[in-house]
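What follows is a short report on a single structure.
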Amino acid sequence: MFLENKNSKQQRNGWIEVICGSMFSGKTEELIRRLKRA
Numbered sequence: 003m004f005l006e007n008k009n010s011k012q013q014r015n016g017w018i019e020v021i022c023g024s025m026f027s028g029k030t031e032e033l034i035r036r037l038k039r040a
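Numbering (the numbering used here), first residue to last: 3 to 40.
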């Protein structure tokens, strides 16, 4: 049995970005560019 602590309101904020495109459209280069900026 799993019980959740309702009193502890821990909120996590974040987001997901999707990089999509056809083959050879620069998806990997975009990921590398974003990693270098991070």
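For glycine and all other residues, C-beta sits at the position ideal for the given N, C-alpha and C.
Leaving out the 5 sequence neighbours to the left and right, which residues in its chain are closer than 8 Å to TRP17 when beta-carbon positions are compared?
-> none
The alpha helix (DSSP H) spanning CYS21 covers which residue range?
-> Cys is not the amino acid found at residue 21; the sequence shown has Ile there. ILE21 -> no alpha helix (DSSP H), and no H or E assigned at all.
Sequence-distant residues of its chain with Cβ nearer than 8 Å to LEU33 (five each side left out) = ILE21
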